[in-house]
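One structure below.
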Amino acid sequence: MPNFSTNEFKPGLKVMLDGDPCSILENEFVKPGKGQAFNRVKLRNLKSGRVWERTFKSGDTLEGADVMDVDLEYSYTDGEFWHFMDPSTYEQYGADRDAVGEAEKWLKEQERYEITLYNGTPLAVTPPNFIELEITETDPGLKGDTAQGGSKPATLSTGAVVRVPLFITEGEVIRVDTRTGEYVSRASKS
Amino acid sequence: MSKWLPSASPEGLAARADLLQALRRFFCDRGVMEVETPLLSQGTVPDAGIDVFRLPRKSDEPDRYLQTSPESAMKRLLAAGSGDVFQICKAFRQGEAGHNHNPEFTLLEWYRVCWDHAALMREVAELLGAVLDSDGWQVWPYRALFVEVLGVDPMDEQTSLAALTDIAESRIGSVPHGLDRDALLDLLMSHCIEPEISDWGVVFITDFPASQAAMARCVSVGDIDVAARFECYVHGKELANGYWEQTDATWLSAQLQAENKRRQQRGLPQRPIDERLLAAHRQGLPECAGVALGVDRLLAVKLGANNLGEIISFGWDSA
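So the sequence lines, in the order shown, correspond to chains A and B. Going by our numbering, 602 is the number at position 188 of the first sequence; the sequence numbering is gapless. Going by our numbering, 133 is the number at position 118 of the second sequence; the sequence numbering is gapless.
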């Protein structure tokens with residue numbers, strides 16, 4: 415992979431730092447009145463998800479990381495790996511628990527997910543921002559509560575539990591924001 | 016597509032016009048003459064912290080550099096007997112792009128004959144008082160500021176590189192490898208001290224380490240030699256950098272050579288020595304003090320803008 419200099423550190427650039435692939439979040443040029451210039455850089459470690467803040471001398475370089483984001487379709491899990499497929503090539507990728515992480519509770523068959531591949535292996539799974547899922551379990555709604563702001567827990571087909579308005583019933587399909595885990599609306603078609 | 020649009024707001028542009036007028040009035044009222052000097056020169060600075068834009072040239076012509084400041088040309092005017100002069104112009108520094116930096120920026124630079132840096136600091140404070148309605152100002156020797164904020168004496172030879180590195184590490188986490196002593200002091204200044212003095216109002220830092228003299232003269236303060244320089248910070252932003260100018264041609268030549276040596280140590284290309292500036296010094300630069308003030312940053316401070324792009328008509332990315 416090529417090396418990148420601090421002045422090429424743009425948000426989204428993938429580089430190797432301390433042996434781990436990282437994604438650059440922010441890069442701020444810092445310089446006292448005279449003298450040595452620095453770049454204060456925020457990076458997300460793509461393995462751990464943690465954000466690092468590092469200072470580099472301006473002009474320092476980091477090796478690029480062989481990381482790319484691809485859209486893959488979720489197929490199934492065998493308990494150890496979660497299998498995704500490239501719908502155009504039918505190529506299969508197995509993501510382990512670390513890679514799937516929090517996305518596990520939003521995994522629905524045939525849905526598309528953004529998979530971050532590092533050296534060809536899934537490193538992280540990002541669900542779409544909004545996903546439509548069926549409610550498998552929730553207490554019966556109470557009539558006349560439609561206008562009130564009350565809510566109740568509902569279990570979805572993927573196992574995720576979200577808070578929904580009282581008028582929502584079992585078997586309905588709802589739209590959920592996966593970034594916040596919040597109910598958005600009833601799905602357009604159910 | 017809105018990529019053609021200015022990055023500055025109409026209010027920002029109007030404030031800039033007002034500021035430029037106020038600056039010119041300030042100096043006109045004080046009998047300081049406005050001058051213009053070339054942006055493209057055959058000479059440049061060897062300063063290891065500055066990357067210059069060099070123009071591609073035809074083979075039979077000398078190299079031309081976009082000025083990093085009008086310092087050299089203004090000193091040649093002073094040596095030719097101009098008296099007090101000021102200039103508002105563009106200066107260029109390659110790679111310096113960020114919230115507080117634009118590679119093409121506007122400088123206000125002025126020189127006062129027979130003044131020292133202490134007198135010039137007062138005038139900078141008066142100018143800031145007029146432009147920012149700021150009230151009062153403090154002067155901190157570099158050494159005292161390090162002791163106050165970081166509890167370490169940067170001028171003491173007993174203070175090891177390891178000790179300075181430890182302080183930086185404890186405050187900002189990791190420290191880049193291979194920093195020499197001055198670069199490490201620059202790191203502490205920009206990352207640890209600047210944020211601490213951001214609510215101190217107008218702060219002048221003076222008496223820099225002799226190794227950071229650039230084109231300033233060195234004077235003895237107690238048991239140590241310090242550079243007769245100052246930097247002015249407002250809300251933790253460095254606005255101005257002033258010198259009691261080095262007039263001795265031999266000294267200046269040695270300081271320029273030392274900067275080229277530092278470039279070599281840091282693996283940077285050498286720069287030609289500005290022989291016309293040295294010749295002017297040999298003829299005789301009058302005793303004087305000079306300062307460069309970043310007009311874009313001054314405007315940003317005045318308007319409370321966090322990004323220079325908001326007050327430059329077309330910031331670097333939209334230029």
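Glycine included, every Cβ here is placed at the ideal spot set by N, Cα and C. Only a predicted model underlies this, so the values are computations on that prediction, with no experimental measurement involved.
Considering only their Cβ atoms, is the gap separating residue j from residue i smaller than 9 Å?
i              : j              : result
residue 529(A) : residue 485(A) : yes
residue 302(B) : residue 129(B) : yes
residue 585(A) : residue 548(A) : yes
residue 97(B)  : residue 291(B) : no
residue 169(B) : residue 203(B) : yes
residue 521(A) : residue 481(A) : no
residue 458(A) : residue 439(A) : yes
residue 147(B) : residue 50(B)  : no
residue 124(B) : residue 241(B) : no
residue 543(A) : residue 593(A) : yes
residue 37(B)  : residue 145(B) : yes
residue 57(B)  : residue 39(B)  : no
residue 107(B) : residue 35(B)  : no
residue 62(B)  : residue 229(B) : yes
residue 179(B) : residue 41(B)  : no
residue 219(B) : residue 152(B) : yes
residue 27(B)  : residue 320(B) : yes
residue 461(A) : residue 483(A) : no
residue 418(A) : residue 475(A) : yes
residue 328(B) : residue 21(B)  : yes
residue 221(B) : residue 164(B) : no
What in chain A is Cβ-close to residue i, meaning under 9 Å?
i              : result
residue 204(B) : 446, 447, 449
residue 201(B) : 445, 446, 448, 449, 450, 451, 452
residue 246(B) : 446, 447, 448
residue 343(B) : No statement about residue 343(B) is possible, as the shown extent of chain B runs from 16 to 334 and does not include it.
residue 275(B) : Neighbours of residue 275(B) on chain A: none; closest Cβ ~16 Å, over 9 Å.
For a contact meaning CB atoms closer than 7 Å, what does residue i contact in chain A?
i              : result
residue 187(B) : 469
residue 332(B) : Under the 7 Å cutoff, chain A gives no residues; its nearest Cβ is about 11 Å from residue 332(B).
residue 227(B) : 448, 449
residue 253(B) : 446, 447
residue 256(B) : 447, 448
Can you tell me whether DSSP reads residue i as helix, strand or coil?
i              : result
residue 474(A) : coil
residue 43(B)  : helix
residue 415(A) : coil
residue 156(B) : strand
residue 520(A) : helix
residue 283(B) : coil
residue 61(B)  : coil
residue 496(A) : strand
residue 82(B)  : coil
residue 534(A) : coil
residue 424(A) : coil
residue 234(B) : strand
residue 574(A) : coil
residue 604(A) : Residue confidence for residue 604(A) is low, a pLDDT of 45 falling below 50, so the modelled location carries little weight; the figure read from the coordinates is stated next. Coil at residue 604(A), not helix or strand.
residue 506(A) : strand
residue 192(B) : coil
residue 223(B) : strand
residue 300(B) : coil
residue 68(B)  : coil
residue 293(B) : helix
residue 552(A) : strand
Taking the alpha carbon of residue i as the point to measure from, which residue in the options has its own alpha carbon closest?
i              : options                       : result
residue 450(A) : 434(A), 471(A), 602(A)        : 471(A)
residue 223(B) : 190(B), 258(B), 55(B)         : 258(B)
residue 504(A) : 513(A), 489(A), 517(A)        : 489(A)
residue 81(B)  : 176(B), 333(B), 90(B), 118(B) : 118(B)
residue 539(A) : 595(A), 509(A), 425(A)        : 509(A)
residue 121(B) : 105(B), 101(B), 135(B)        : 105(B)
residue 252(B) : 95(B), 208(B), 333(B)         : 208(B)
residue 314(B) : 25(B), 18(B), 30(B), 22(B)    : 30(B)
residue 90(B)  : 308(B), 52(B), 66(B)          : 52(B)
residue 245(B) : 161(B), 175(B), 139(B)        : 139(B)
residue 126(B) : 25(B), 47(B), 273(B)          : 47(B)
So if DSSP puts residue i in a beta bridge, which residue, or which two residues, is it bridged to?
i              : result
residue 306(B) : 125(B), 257(B)
residue 435(A) : 430(A)
residue 579(A) : 565(A)
residue 18(B)  : Per DSSP, none; premise fails for residue 18(B).
residue 599(A) : 589(A)
For residue i, which residues in chain B fall below 7 Å Cβ to Cβ?
i              : result
residue 442(A) : 113, 114
Give me the chain B residues within the contact set of residue i, using Cβ-Cβ distance strictly less than 8 Å, ordered along the chain.
i              : result
residue 474(A) : 191
residue 421(A) : 110, 112
Got a sec: does the ligand ZN put a non-hydrogen atom nearer than 8 Å to the Cβ of residue i?
i              : result
residue 229(B) : The ligand ZN is not part of this structure, which contains no ligands at all.
Below 8 Å on C-beta distance, what does residue i contact in chain A?
i              : result
residue 344(B) : Since the displayed chain B opens at 16 and closes at 334, residue 344(B) lies outside it and no answer follows.
residue 240(B) : Those within 8 Å of residue 240(B) in chain A number zero; the least Cβ separation is about 17 Å.
residue 320(B) : Under the 8 Å cutoff, chain A gives no residues; its nearest Cβ is about 16 Å from residue 320(B).
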